[in-house]
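For reference, the structure discussed in these notes is given below.
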Amino acid sequence: MLNLQGEHIDLRAIEPEDLEFLYQLENDTDIWEISGTTAPYSKAVLKLYLENAHRDIYDVKQLRLCICQKAGKVIGLIDLFDFDPKNHRAGLGIIVLDADNRNKGVGTEAISLVCDYSFSTLQLKQLYANILEDNKSSIHLFEKLGFQLVGRKKDWIYSNGCYKNELLYQKIKS
67 MLNLQGEHID
77 LRAIEPEDLE
87 FLYQLENDTD
97 IWEISGTTAP
107 YSKAVLKLYL
117 ENAHRDIYDV
127 KQLRLCICQK
137 AGKVIGLIDL
147 FDFDPKNHRA
157 GLGIIVLDAD
167 NRNKGVGTEA
177 ISLVCDYSFS
187 TLQLKQLYAN
197 ILEDNKSSIH
207 LFEKLGFQLV
217 GRKKDWIYSN
227 GCYKNELLYQ
237 KIKS
């Protein structure tokens, strides 16, 4: 089982007991814009997802980890997606559910742990992140961690009756 330990948080594999957290997160309409969700998830569907969450990143091309406080409470998720071992790259996404846990170094530590894991263990050369142009907090976070703006996708996301640009950030292993 994968468990990455930081100074203030731990990242661990998602477990069946995370069903309630996953249900709350996936059905939070405030984050549907960034997750691409268009309809609520049932607990039954999420339970099926959890039953398959143990599958290898090389098989499902995704790795989802829980961001946990040192006391063990799950506060967010961090994902590697579109894992492409042939081209040594993957996408990276992060969500910390409760605003009270944001802007306290959680994202910085979680992304740093995943970058280290991706570059050393998975032997990736690059990670990328898709960030909405109006998401100033995420832009600041990723830029602080060495991700560089490499592209702008015009009118990429349709949300609340208008189109939004999505920025493409990339970090290449030095």
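Per the working numbering: the sequence shown = residues 67 to 240. For every residue, glycine included, the Cβ atom is placed at its ideal position computed from N, Cα and C.
Under 8 angstroms between the Cβ atoms of leucine 233 and arginine 218? Contact: yes.
According to DSSP, is phenylalanine 213 part of a helix, a strand, or is it coil? In the displayed model, phenylalanine 213 falls within coil according to three-state DSSP, outside both helix and strand.
Pull up the DSSP beta-bridge partners for asparagine 196, would you. According to DSSP, asparagine 196 bridges with Leu234.
Neighbourhood of tyrosine 183 by C-beta, 7 angstroms cutoff - its chain only, sequence neighbours within 5 removed: Excluding sequence neighbours, tyrosine 183 sits near Leu70.
Continuous beta strand (DSSP E) stretch holding glycine 142: start and end: Residue range 140-150 is occupied by the beta strand (DSSP E) that includes glycine 142.
Inter-stretch contact (C-beta, 8 angstroms, three-pair minimum) for the segment 202-209 and the segment 219-226: The segment 202-209 makes no contact with the segment 219-226; the number of CB pairs closer than 8 angstroms stays below 3.
Alpha-carbon to alpha-carbon, serine 240 and leucine 211: A direct Cα-to-Cα measurement between leucine 211 and serine 240 gives close to 13 angstroms.
Residue environment, aspartate 84, which counts as buried when at least 16 other CB atoms sit within 10 Å: With 16 or more Cβ atoms within 10 Å of its Cβ, aspartate 84 is classed as buried.
6 angstroms CB neighbourhood of proline 82 in its chain, flanking five on each side removed: So the list reads Leu116, once near-sequence residues are dropped.
Between isoleucine 161 and glycine 142, what straight-line distance do the alpha-carbon atoms span, to the nearest angstrom? Cα-Cα distance, rounded: 5 angstroms.
I'd like the span of the beta strand (DSSP E) that includes aspartate 125, first residue to last. Careful: aspartate 125 lies outside any beta strand (DSSP E), inside the alpha helix (DSSP H) at 123-126.
Grouping DSSP H, G and I as helix and E and B as strand, with all else coil, what is leucine 85? In the structure shown, leucine 85 sits in a helix (DSSP, three-state: H, G or I).
Given a cut-off of 8 angstroms, decide if leucine 163 and aspartate 76 are closer than it, judged by their beta-carbon atoms. Cβ atoms of aspartate 76 and leucine 163: not closer than 8 angstroms.
From the DSSP output, in three-state form, read off methionine 67 for me. Bear in mind that the predicted position of methionine 67 carries a pLDDT of just 49, short of 50, making it unreliable; the figure below should be weighed with that in mind. When DSSP states are grouped into helix, strand and coil, methionine 67 belongs to the coil group.
Cutoff 7 angstroms; reference alanine 156; Cβ partners in own chain excluding five residues on either side: Counting only residues of its own chain and dropping the five nearest sequence neighbours on each side, alanine 156 has a CB closer than 7 angstroms to the CB of Leu146, Phe147, Asp148, Phe149, Asp150, Ser184, Leu190, Leu193.
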